[in-house]
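If you read the protein sequences in the order shown, they are chains F and Y. Be aware that the first sequence starts at 2, since it is given in the working numbering, and climbs by one per residue. Be aware that the second sequence starts at 927, since it is given in the working numbering, and climbs by one per residue. Where a beta carbon is used, it is the ideal one built from N, C-alpha and C, also for glycine. Presented below is the structure to which this report refers.
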Amino acid sequence: MQKGYQLFFAILAVMVVSWLGLVVFPQVQLGNQSTREVKEIGRHYPTEPGSLVLNGRKVYQQAGCVSCHTQQIRQSGYAFDLVLNEVGDFPESISSKLVEAGKAAGVQVTNEKAQEQMANLPSTFLERVDFAVAQEVLQIFKDSGAKVAPNILPLGSDIERGWGPRQTVGLDYLYDQPLLMGQQRLGPDLANVGARLNDRQWHLKHLYHPRSVVTKSSMPAYTYLFDLQPIGEQPSPHALALEGDYAPEEGMEVVPKPEALALVDYLLSLKIENPVFEAPYMFTQAESGEANNVEMEQAQ
Amino acid sequence: MEENPTSKSISDQKDIDRSYHFPTLLLVTKAAGWLLLSTLFSLVASIKMHSPTFLSNCPWVTYGVLLPAAQNAFIYGFALQAGFAAMLWMTMRLGQVKLRGPGFLFLGTVLWNIALLVGILGLMGGGQSGYAFLSMPGFVYSMLFTAYVLIGGMTLLTFFKRPAREIYPSQWFIYASLYWFPWILTAASYALFASEPARGVAQAVIHAWYASGMTTIVLGFVGIALLQYLVPKLTRRDLHNSNLSAFAFWVLLLFGGFTGLLQAQALPAWVGTLSGVCNGFVAFAWIVLTANLWKTLQGAGAQSSDPLALNLVRLAALCGLLGALLNFWGSRPGMAETVQFTLYVQGVYWLQLFGFVGTLLLVAAYHFLPRVSDQENALSGPFGWKSIMALYVSGSILVSLVYLLGGWKQGKALADASRSFLEVQSAAMSFIRVSTIGELLVFLAAAVLTLNLTRSLVSYLVGYVACCCNCKNESAQ
C-alpha cells in the first residue's frame, strides 16, 4: 500500500468495524436493559438509589475506592442439594430409589438411612452433587410419586468467602453511572458489603482508621472524612466510639463529616440479596439482611 | 535502510532537522515533566501501602486518586507527547520534508498541556470519572481533542507534503496510531460522558475498548514504528522482510482493537471470548514482528553505531513481545479467572507501557534530539543518558516482574477460599512494597531526564533571544 489515501481508507474501515462491534453493538445488546420483576422478592429489581446513596457514591468515586475494590462476585458453577419433600403413595419403592440415588452420587445409603430420611421430611438426601448427577437422580424419581426438588447452590471462592450469594449479572449495575465494577482486589469485594457488614459504626471506624477494627488491615486511613473537635455541651450523636490507641485525646471527639456518612450510606446500600433469572440460587427470606459480626473480622 | 540520504544534500537535511528543533524539544521536555509527576504519584501511592496513615488528611492524595493520576499523567503527558515528537521526527526523516505549521504545533502543545494540567488537577480535586485511562473529568477530553487536531493535523499535513512518496512500514504504524487516537477518544468520551451516556455494563465494554485501543494500537503502534525505524538505523541494515511487517500491521490493526475486554461474568460471554481469541492473534503478530527484527539484528552488534541503544531496543522489543504473550496467557480460560483482579494486570501494563513504549521513546529522544538541535546531546554527561536508562530500565523491569509474580500468587490465594482475605492481602502487599524500590528508580530516572531537558530547553531559548537581539542590533546599525 503505497498511497496515503489507500492507507487512510483501509484504517478507517477497520476503525468503523471495531467501533460498531464494541461501542454500537454493546449499546444495542446491553444499553436497553430495564428493571425486572423478581418473584422471590415480589417487586422489581433493581430499585433506583436515593439521593443519600448517590451522594455517597460520588464520595466513593472521588476517593478512588474503585482502584482497590471490585463490585463483582464471581461464580465457578453450581452444585445441587436434592431434597425429598413428599414420599407419595408408594413409600416402599422410595426407599430403594434413595439407595439407588446414593449409588448414582457415589454415596453409600443403607435401607435404614433411607427410612430415616423418609421419616424426617423435608429431607436433604444428597448434598452438593453436580448437574449430571442431579439430573440422573431426578430421573430415578420420575413417575415414582415422590416429590424431589433440587436446591441450587452457586459455587466459587467468592461465594465460599461469603462475599455474596450468587454471581453479579448485568442487571445488578443498571443504575450504576459511572460503572464502578473495579478491576483490582487490594481490598475485599464490596458488591454485597451492605448485607454482610451492615453495622454503620463499624464502617465509620473502618474509614477513620481501618486498624481500629481490623488489626492487620493495610487500607489507608481516610481521616479527612472526619472532624477532630472538642466535645461541646453534649457529645455529638455521630461521634465514633474509638478505643485504645485510636481514641482521641481527653475532651475531644471524632465526628464524621457528611461525606463520611454518605459514603457509609452508599456502602450499606450495596446488596445482592435476591436471585435473578441469569443467576438462580436457593433463596430464603431469613438469610437476607442478616449482619454477621464474626464475619466482619473474617471478611477483612 | 528506510530513508534515502542521497535525495537531499547534507545542508538541506540540516535545514529540515532544524525546523523540528523547538517543537520536538518542547514536546519531549513537557513529556519528561509529566513522567516525573507520574512516577512521583506512583511512588507516593506505593508508600501509602506501607504506611496507611501517610498523608491521610488530604483528599487529593488518597491511593485511589494517585493511581489514576499517575496512569493518566503517564499516558497523556509522557507517552503521547513523546510519541508525537517521535512521530514528527520519523515523518520528517522518512519523508524528507520540513515541518509544516510549527506555530499551530506550538499552540497545540501548549493547549494539550493546559488541558492535561486542568484534567489532573480536576481528577485530584474530586472530579475523577471512575474509568481507568479516562479518569480525568469529562470536559477535558474535548480540550485534548482540540489540541490533538493541531498536533496530529500538522503531523499529517507534513506527511502529505513529503517529496519522498514511498510509504515505509514505520509510517503505516504511525498513521494508524494518528488516526486511531482521535477516533477512540471522541467515540468513547461521547459514549461515556455525554448528557445521555451509555448505561449499565455497556459502559464496561466501551471503556475496555478505549483502554485496549490506547495500549495496543495508539501507543503500541508508536513503539512498533520506533522499533522498525531504529533497528535499521542502528544496524545500518534494511528490515529483513517488509512483507512480514505488513502482515503484522494488518493483524494487529484488525484484532488489536478487540483485546483487553473484561472477563467479567456480568458481561455477555462473547466479550471475554472475543478478547481472548484476539489476544491470541495479537501475540502471533508480535511473534512475527519479533522474528523479523531478530533476523534483521542477527550478527549486527559489531556494525552498530550505538551498541547500548541497540541493546535497549532489543530489550524493549522483548518487553513488547512478553507483554503480548502474557496478555494472551492471562486471557485463556482457566488462567483468566486466576489473574483477574490481581497485580498481574498492573504487571502487564508496566511491561507494555513502561518497558516497551517508554524505553523506546527514551531511546528515540536520545537518538533524535542531538540531530535536530545540532548541539551536544542534552542527555550526555555523568548524569545523562546512561544513568537515566540504567535507572529507568531496571526500575521498570523490577516493577513489572514483581507485579507479575505478585499477581500470580495473589490470584492463587484468591482462588483458595480456605485462605482468609487478610492472607491474600498480605501476600499482595509484600510485592507492592518491593515494587516501591522500582518506582523510586524510575522516579530518579525521570528527575534526571527532566533536569537535563529543561536545561537544554532554557539554553535554546536563551540562544534564540540572544540571536534575535543580535539581529536587531545589526539591522539598527
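Cβ pair residue i, residue j closer than 9 Å
{"i": "F1280(Y)", "j": "A1012(Y)", "result": "no"}
{"i": "V194(F)", "j": "F227(F)", "result": "no"}
{"i": "Y989(Y)", "j": "C69(F)", "result": "yes"}
{"i": "Q73(F)", "j": "Q1278(Y)", "result": "no"}
{"i": "H1133(Y)", "j": "L1060(Y)", "result": "yes"}
{"i": "E254(F)", "j": "L229(F)", "result": "yes"}
{"i": "L1187(Y)", "j": "L172(F)", "result": "no"}
{"i": "T1084(Y)", "j": "V1023(Y)", "result": "yes"}
{"i": "I1100(Y)", "j": "V1157(Y)", "result": "no"}
{"i": "V54(F)", "j": "L181(F)", "result": "no"}
{"i": "H239(F)", "j": "T224(F)", "result": "no"}
{"i": "Q184(F)", "j": "L1269(Y)", "result": "no"}
{"i": "G1027(Y)", "j": "W986(Y)", "result": "no"}
{"i": "W1042(Y)", "j": "W1109(Y)", "result": "The question names Trp, but residue 1042(Y) in the sequence shown is Leu. Going by C-beta atoms, L1042(Y) is not nearer than 9 Å to W1109(Y)."}
{"i": "Y1002(Y)", "j": "G1045(Y)", "result": "yes"}
{"i": "R1031(Y)", "j": "L1076(Y)", "result": "Here residue 1031(Y) turns out to be Leu, not Arg, going by the sequence shown. Going by C-beta atoms, L1031(Y) is nearer than 9 Å to L1076(Y)."}
{"i": "I1314(Y)", "j": "V1360(Y)", "result": "no"}
{"i": "L191(F)", "j": "T71(F)", "result": "yes"}
{"i": "T1216(Y)", "j": "A1243(Y)", "result": "yes"}
{"i": "A64(F)", "j": "I95(F)", "result": "no"}
{"i": "M283(F)", "j": "L154(F)", "result": "yes"}
{"i": "V991(Y)", "j": "L1047(Y)", "result": "no"}
{"i": "V1239(Y)", "j": "V1289(Y)", "result": "yes"}
{"i": "L187(F)", "j": "A1354(Y)", "result": "yes"}
Proximity test, residue i beta-carbon vs the ligand HEM heavy atom, cut-off 8 Å
{"i": "S1346(Y)", "result": "With respect to the ligand HEM, the structure shown offers nothing to examine, as it has no ligands at all."}
Per DSSP, cross-strand counterpart(s) of residue i
{"i": "P231(F)", "result": "M253(F)"}
{"i": "Y79(F)", "result": "P155(F)"}
{"i": "Y46(F)", "result": "R37(F)"}
{"i": "E87(F)", "result": "K148(F)"}
{"i": "A280(F)", "result": "V277(F)"}
Per-residue burial, residue i [other beta carbons within 10 Å of its own, 16 or more giving buried]
{"i": "Y83(F)", "result": "According to the sequence as given, residue 83(F) is Leu; it is not Tyr. Buried, by the Cβ-count rule."}
{"i": "T1185(Y)", "result": "buried"}
{"i": "E87(F)", "result": "exposed"}
{"i": "Q1097(Y)", "result": "buried"}
{"i": "K1087(Y)", "result": "exposed"}
{"i": "R167(F)", "result": "buried"}
{"i": "H976(Y)", "result": "exposed"}
{"i": "A287(F)", "result": "Residue placement at A287(F) is poorly supported in this model, since its pLDDT is 47, which falls under 50; the coordinates still yield a value, given next. Burial call: exposed."}
{"i": "L1387(Y)", "result": "exposed"}
{"i": "Q1336(Y)", "result": "buried"}
{"i": "N998(Y)", "result": "buried"}
{"i": "V1265(Y)", "result": "buried"}
{"i": "R1125(Y)", "result": "buried"}
{"i": "V29(F)", "result": "exposed"}
{"i": "C1397(Y)", "result": "exposed"}
{"i": "W1196(Y)", "result": "exposed"}
Beta strand (DSSP E) segment containing residue i, residue limits
{"i": "L127(F)", "result": "S124 to V130"}
{"i": "E101(F)", "result": "E101(F) -> not in any beta strand (DSSP E); alpha helix (DSSP H) instead, spanning P92 to A105."}
The alpha helix (DSSP H) enclosing residue i, as first and last residue numbers
{"i": "H207(F)", "result": "R201 to Y209"}
{"i": "G1337(Y)", "result": "W1311 to A1341"}
{"i": "R58(F)", "result": "S52 to A64"}
{"i": "C1245(Y)", "result": "P1233 to S1257"}
{"i": "W1135(Y)", "result": "A1128 to S1138"}
{"i": "C1204(Y)", "result": "A1195 to L1223"}
{"i": "D246(F)", "result": "Note, D246(F): premise wrong, no alpha helix (DSSP H); not H, not E."}
{"i": "M1041(Y)", "result": "Note that residue 1041(Y) is Ala in the sequence shown here, rather than Met. Segment P1028 to G1048, the alpha helix (DSSP H) holding A1041(Y)."}
{"i": "A1005(Y)", "result": "No alpha helix (DSSP H) holds A1005(Y); DSSP gives it neither H nor E."}
{"i": "Y1407(Y)", "result": "With chain Y covering only 927 through 1403, there is no way to say anything about residue 1407(Y)."}
{"i": "I1143(Y)", "result": "Element bounds for I1143(Y): n/a, residue is neither H nor E."}
{"i": "L264(F)", "result": "P259 to S270"}
{"i": "F948(Y)", "result": "H947 to H976"}
Count Cβ pairs between the segment 221–237 of chain F and the segment 265–285 of chain F that sit closer than 8 Å; are there 3 or more? Fewer than three Cβ pairs drawn from the segment 221–237 of chain F and the segment 265–285 of chain F lie within less than 8 Å of each other, which leaves the two stretches out of contact.
Three CB pairs or more closer than 8 Å across the segment 1362–1382 of chain Y and the segment 1314–1334 of chain Y: yes
Are at least three pairs of beta-carbons, each pair with one atom in the segment 1179–1195 of chain Y and one in the segment 1233–1241 of chain Y, less than 8 Å apart? no
Contact between the segment 1382–1389 of chain Y and the segment 950–958 of chain Y (3+ Cβ pairs under 8 Å): yes
When you compare the segment 136–154 of chain F with the segment 52–62 of chain F, are there three or more beta-carbon pairs, one atom per stretch, that lie closer than 8 Å? no
Quick one, which residues of the segment 982–997 of chain Y are near chain B if we go by CB-CB under 7 Å, in chain order? Given the protein chain composition of this structure (F and Y), no chain B is represented.
Take every Cβ of the segment 1026–1045 of chain Y, pair it with every Cβ of the segment 1066–1080 of chain Y, and state whether three or more of those distances are shorter than 8 Å. yes
Measuring CB atoms only, is the segment 117–124 of chain F touching the segment 240–251 of chain F, in the sense that at least three cross pairs come out at less than 8 Å? The way I'd put it, the segment 117–124 of chain F doesn't touch the segment 240–251 of chain F; fewer than three beta-carbon pairs between them come closer than 8 Å.
Hey, is the segment 145–155 of chain F in contact with the segment 103–111 of chain F, meaning 3+ C-beta pairs nearer than 8 Å? no
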